[in-house]
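Structure, as structure tokens:
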Amino acid sequence: MAFSRRTLVAGAAGSPIAALLAACGANQQTAAPSSISSPASGAATAFPATSHMAKIMQRGKLIAGVKQDQPLFGMLNPRTNAIEGFDVDVVKEITKALFNTKDDPFPSKLELRGVTSAQRIPLLQEAAVDIIAATMTVTDERKQQIDFSDTYYMAGQSLLVKKESTITKIQDLDKADKTVCSATGSTSEQNITKFAPAAQKLLFAGYAECLTAIQQGRADALSTDDIILAGYLDTDPTLKMVGGQFTQEPYGLGIAKASTGFQEFVNNELRKMKTDGRWKAIYTKWLGMTGPTPEPPK
Ligand code: GLU
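Quick note on numbering: the sequence shown equals residues -31 to -1, 1 to 267 in mature numbering (1 follows the signal peptide of the UniProt record, and there is no 0).
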């Protein structure tokens, strides 16, 4: 598989953005405003100055939790020291809309923090990050703890095994002498228990460690979302992906509960990205090597 590195359409073309009120200035010396205007949809929506949305605007920076060890979605580029991928580009578009800029918002308006699967919900709950863009599946269980945006990508769980492996499906791993590797705090881990309860589980903070485990023969398979596996497969031709999609994993952006207006703002921008070509441009840039660019998820 070869990467397609077509350049993302710059400048968030076609997204109408209203100017922010001067009251949002980070260095405001005067008394705090009682409400702050959002640029969402070009309509001035007021938020209480104490709201989370207002906090982001006053800070002058969005803090996003992203993966840094998953090619295609969130991967630290050691040459540039920047984290890159589909999730990063989605969060950059949200940041551009928030701060009414067409320029790359990183690093002046966007701070990226590397997170593991298990850290995503706690970091939102502790308000250490404003948003999580980290291959996170929307589930009812997680919705008890945090809010999610609309779906922005539809993945499904699959298996990565050595090329010479005879495993073809998740049920082949449902034996006490089989070891399946995955990440702590992921739906992948829960799904292994559900679909292959007899298998031994080898759990790490991230999937990159699992890759090493398969290569060293300490695991028979790495199981997580197919698109994450596709990223690793691209780096190791001694592996193959098998078993199809045995679950559905709709990705949503994680937001803390009671972030007044922020979820609505994010959804509004996602809707625009899905219709004005930016979603497809991001897809083609990062995932184009997996096949034709589909329609965005509803
Ligand atoms: N999408 C799954 C999840 O949210 C697996 C991928 C991941 O751990 O980031 O748990």
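For each residue, glycine too, the CB sits at the ideal point set by N, CA and C.
Check, Outcome
"Any beta strand (DSSP E) of 3 or more consecutive residues that is wholly inside the region 179 to 227", "190 to 194, 208 to 211 and 218 to 220"
"Strand pairing of aspartate 73, partner residues [DSSP]", "Partner(s): none; aspartate 73 has no beta bridge."
"Glutamine 114 versus Val98, Gln94, Ile101 and Ile183, residue with shortest Cα-Cα distance", "Gln94"
"Cβ contact (3+ pairs, closer than 8 Å) linking the region 78 to 97 and the region 195 to 202", "no"
"Threonine 162 Cβ short of 7 Å to the ligand GLU heavy atom set", "no"
"Isoleucine 63 beta carbon less than 8 Å from that of glutamate 233", "no"
"Whole-angstrom distance between serine 228 and glutamine 185, CA atom to CA atom", "45 Å"
"Whole-angstrom distance between serine 20 and valine 235, CA atom to CA atom", "15 Å"
"Pick from Cys179, Leu256, Met210 and Asp194 that is closest to threonine 156, judged by C-alpha positions", "Asp194"
"Length of the line joining the Cα atoms of glutamate 110 and glutamine 159", "12 Å"
"CB-CB length for serine 151 against lysine 170, believed under 8 Å", "7 Å"
"Aspartate 195 Cβ short of 7 Å to the ligand GLU heavy atom set", "no"
"Closest residue to methionine 210 among Ala225, Leu191 and Pro219 (Cα-Cα distance)", "Leu191"
"Reduced DSSP secondary structure (H/G/I, E/B, other) of valine 35", "strand"
"Within 8 Å, strictly: CB atoms of lysine 112 and leucine 208", "no"
"Nearest candidate by alpha-carbon position, reference aspartate 203, set Ala250, Asp189, Leu180 and Ala225", "Leu180"
"Delimiting residues of the alpha helix (DSSP H) encompassing glutamine 169", "No alpha helix (DSSP H) contains glutamine 169, which is instead part of the beta strand (DSSP E) from 169 to 173."
"Methionine 105 (DSSP reduced to helix, strand or coil)", "coil"
"Contact test: lysine 112 Cβ vs the ligand GLU heavy atom, cutoff 7 Å", "no"
"Inter-residue CB distance, threonine 70 and tyrosine 220 (contact presumed, cutoff 8 Å)", "Not quite, the Cβ-Cβ distance comes to about 25 Å (not below 8 Å), so this is no contact."
"Alpha-carbon to alpha-carbon, isoleucine 100 and leucine 41", "19 Å"
"Residue burial classification, glutamine 140 (beta-carbon count within 10 angstroms, cutoff 16)", "exposed"
"From Ile161, Phe55, Arg28 and Pro47, residue whose alpha carbon lies closest to that of phenylalanine 215", "Ile161"
"Reference proline 166, options Tyr176, Val60, Ala182 and Val149, closest by Cα", "Val149"
"Contacts around aspartate 58, its chain only, beta-carbon distance under 8 Å, and the 5 residues preceding and following it disregarded", "Leu(-24), Ile251, Lys254 and Trp255"
"Status (buried if at least 16 other CB within 10 Å, exposed otherwise) for aspartate 38", "buried"
"Opposing strand residues paired with alanine 152 [DSSP bridges]", "Phe173"
"Pairwise C-alpha distance: glycine 175 and threonine 153", "8 Å"
"Of the listed residues Ala102, Asp189 and Val60, nearest to lysine 36 (C-alpha basis)", "Ala102"
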